[in-house]
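Below: the structure, in structure tokens.
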Ligand SMILES: [Zn+2]
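Numbering (the working numbering), first residue to last: 48 to 115.
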């Protein structure tokens, strides 16, 4: 499973919990650091994403929707 799929799976699994925390580290030369947490489950997922990943924009949109 890819990093992006991991992140999106986490969002789907916890979207109904109500409160997702999302932290995006500013992009370094090599990668974004993304951390997602669910306060309801006390679960967290942390991944590094290649900023050149073609799916970045799509995933970012999903995360913003999950935060609303
Ligand atoms: Zn949850």
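Each residue gets a CB set at the ideal place from its N, CA and C atoms; glycine is no exception. A quick note: this is a predicted structure, and the numbers were derived from the prediction, not measured.
Do residue 87 and residue 66 count as a contact pair if the criterion is CB distance below 8 Å?
By 1-based counting over the chain shown, the position of residue 66 is 19. By 1-based counting over the chain shown, the position of residue 87 is 40. Against a cut-off of 8 Å, the Cβ pair of residue 87 and residue 66 comes out as a contact.
Using 10 angstroms around the beta-carbon of residue 54, count the other beta-carbons present and answer buried if the total reaches 16, otherwise exposed.
The count along the chain shown starts at 1 and reaches residue 54 at position 7. When all chains shown are included, residue 54 counts as buried.
Identify, in the order they occur along the chain, each residue of the same chain with its Cβ nearer than 6 Å to the Cβ of residue 80, setting aside the five sequence neighbours on each side.
The sequence position of residue 80 within the chain shown is 33, counting from 1. So the qualifying residues of the chain are 72 and 95.
Considering only heavy atoms of ligand 1, does any lie closer than 7 Å to the CB of residue 78?
Counting from one through the chain shown, the residue named residue 78 turns up at place 31. Not under cutoff, so the answer is no.
DSSP three-state call for residue 85: helix, strand or coil?
Within the chain shown, the letter at position 38 stands for residue 85. Residue 85 falls in the strand class under three-state DSSP.
Counting only the same chain and skipping the five closest in sequence on each side, list residues whose C-beta sits under 6 Å from that of residue 70.
For the purposes of this step, residue 70 is taken as the residue at position 23 of the chain shown. Short of 6 Å from the beta carbon of residue 70, and not among the five residues preceding or following it, lie these beta carbons of its own chain, in chain order: 82.
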